[in-house]
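These notes are about the structure you will find just below.
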Amino acid sequence: AAGVIQSPRHLIKEKRETATLKCYPIPRHDTVYWYQQGPGQDPQFLISFYEKMQSDKGSIPDRFSAQQFSDYHSELNMSSLELGDSALYFCASSLGQGVTYEQYFGPGTRLTVT
Amino acid sequence: SQQGEEDPQALSIQEGENATMNCSYKTSINNLQWYRQNSGRGLVHLILIRSNEREKHSGRLRVTLDTSKKSSSLLITASRAADTASYFCATDAKGGSNYKLTFGKGTLLTVNP
Chain D
5 AAGVIQSPRH LIKEKRETAT LKCYPIPRHD TVYWYQQGPG QDPQFLISFY
55 EKMQSDKGSI PDRFSAQQFS DYHSELNMSS LELGDSALYF CASSLGQGVT
105 YEQYFGPGTR LTVT
Chain C
295 SQQGEEDPQA LSIQEGENAT MNCSYKTSIN NLQWYRQNSG RGLVHLILIR
345 SNEREKHSGR LRVTLDTSKK SSSLLITASR AADTASYFCA TDAKGGSNYK
395 LTFGKGTLLT VNP
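Protein chains in written order, with the numbering used here: chain D, 5 to 118; chain C, 295 to 407.
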């Protein structure tokens with residue numbers, strides 16, 4: 005069965021650079037979520053989209069922005085990268101409106117900022 | 295304060311034993327979910343229990359939910375070395391956003407062969 009696809013899987017950037025992470029949800033899933041997981045930490049909710057509209061926003065820095073496109077894939081744009089942005093970034097998708105439906109997580113993008 | 299706190303933070307058992315992990319949360323919830331994460335890998339959904347349910351089973355997994363105590367437990371029976379992973383509970387707050395899961399700190403389970 006198709007799963008959530010994230011690209012790239014690994015990314016190394018320098019401070020003050022920008023990064024774009026991509027997420028391709030499971031076909032027919034209409035909701036996408038982004039999470040950040042620091043080393044040894046629990047996943048922290050960043051932002052979510054339902055039917056291409058932002059549905060909720062968590063602890064996402066102003067330097068980050070995201071959107072969901074007409075084909076339902078989503079991109080997380082990160083600018084002015086800081087060392088503290090080094091983390092695993094997960095995308096998840098679900099079919100239906102909200103977290104009462106099971107979220108399927110992608111394998112994550114490991115971002116390292118040097 | 296953190297919604298969803300796992301207890302214990304780390305658990306080491308022998309293969310074949312049962313493992314019990316607990317999760318407490320602070321606000322009323324719609325659902326509670328358990329996820330598993332192998333080191334540095336993606337999160338795998340294990341089970342979802344709704345606030346009006348008290349117990350749910352899936353294979354070797356048994357989840358209980360006590361909304362009066364705002365707590366849940368995950369029991370893995372007859373554990374295997376392959377069960378070694380971190381286990382997280384995640385909740386969505388009642389009356390809150392439908393689009394946000396709040397994860398707990400996780401329990402690192404080590405099953406020794």
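Every residue, glycine too, gets a C-beta built ideally from N, C-alpha and C.
Two segments are said to touch when three or more pairs of C-beta atoms, one from each, lie closer than 8 Å; by this definition the stretch 302-316 of chain C does not touch the stretch 42-53 of chain D. Taking the Cα of Pro65 of chain D as reference, the smallest distance to any Cα among D:Tyr76, D:His77, D:Phe73, D:Gln48 is reached at D:Gln48. The beta carbon of Lys399 of chain C falls within 9 Å of a beta carbon belonging to chain D, placing the residue at that interface. Taking the CA atoms as reference points, Asp301 of chain C sits about 37 Å from Ser83 of chain D. Between the stretch 396-405 of chain C and the stretch 371-382 of chain C, the count of C-beta pairs closer than 8 Å reaches three or more; the two stretches touch. Taking one beta carbon from each stretch, the stretch 36-43 of chain D and the stretch 10-19 of chain D have fewer than 3 pairs nearer than 8 Å; the two do not touch. Judged by beta-carbon spacing, Gln327 of chain C lies within the 9 Å limit of Leu342 of chain C, meaning their Cβ atoms are closer than that value. Interface flag for Arg335 of chain C against chain D is set, since a Cβ pair is found closer than 9 Å. Annotation: the continuous beta strand (DSSP E) that includes Asp386 of chain C extends over 379-387. Lys399 of chain C is not bridged by DSSP to any residue. For Ala70 of chain D, the uninterrupted beta strand (DSSP E) segment begins and ends at 68-72. One finds His339, Leu342 in chain C with Cβ atoms closer than 7 Å to the Cβ of Glu106 of chain D, taken in chain order. Taking 9 Å as the threshold, the shortest C-beta distance from Gly42 of chain D to chain C does not fall below it. Here Ser366 of chain C is buried, its C-beta having at least 16 other C-beta atoms within 10 Å. Taking a Cβ-Cβ cut-off of 9 Å, the neighbours of Phe94 of chain D in chain C comprise Gly336, Leu337, given in sequence order.
The distance from the Cβ of Leu337 of chain C to that of Phe94 of chain D is about 6 Å, consistent with a contact at the 8 Å cut-off.
Residues of the stretch 50-73 of chain D with a C-beta less than 8 Å from any C-beta of chain C: Ser52, Tyr54, Ser59, Asp60, Gly62, listed in chain order. Using a Cβ distance threshold of 9 Å, Lys26 of chain D and Glu106 of chain D do not count as a contacting pair.
Residue environment for Ser333 of chain C: exposed (fewer than 16 other C-beta atoms within 10 angstroms of its C-beta). Collapsing the DSSP output to three states places Asp301 of chain C in a strand. Residue-level contact by beta carbon fails for Thr371 of chain C and chain D, as no gap is shorter than 9 Å.
Secondary structure at Leu99 of chain D: coil, using DSSP grouped into helix, strand and coil. For the stretch 350-383 of chain C, residues whose beta-carbon sits nearer than 7 Å to a beta-carbon of chain D comprise Phe382.
Counting other Cβ atoms within 10 Å of its Cβ, Leu368 of chain C reaches 16 or more and is therefore classed as buried.
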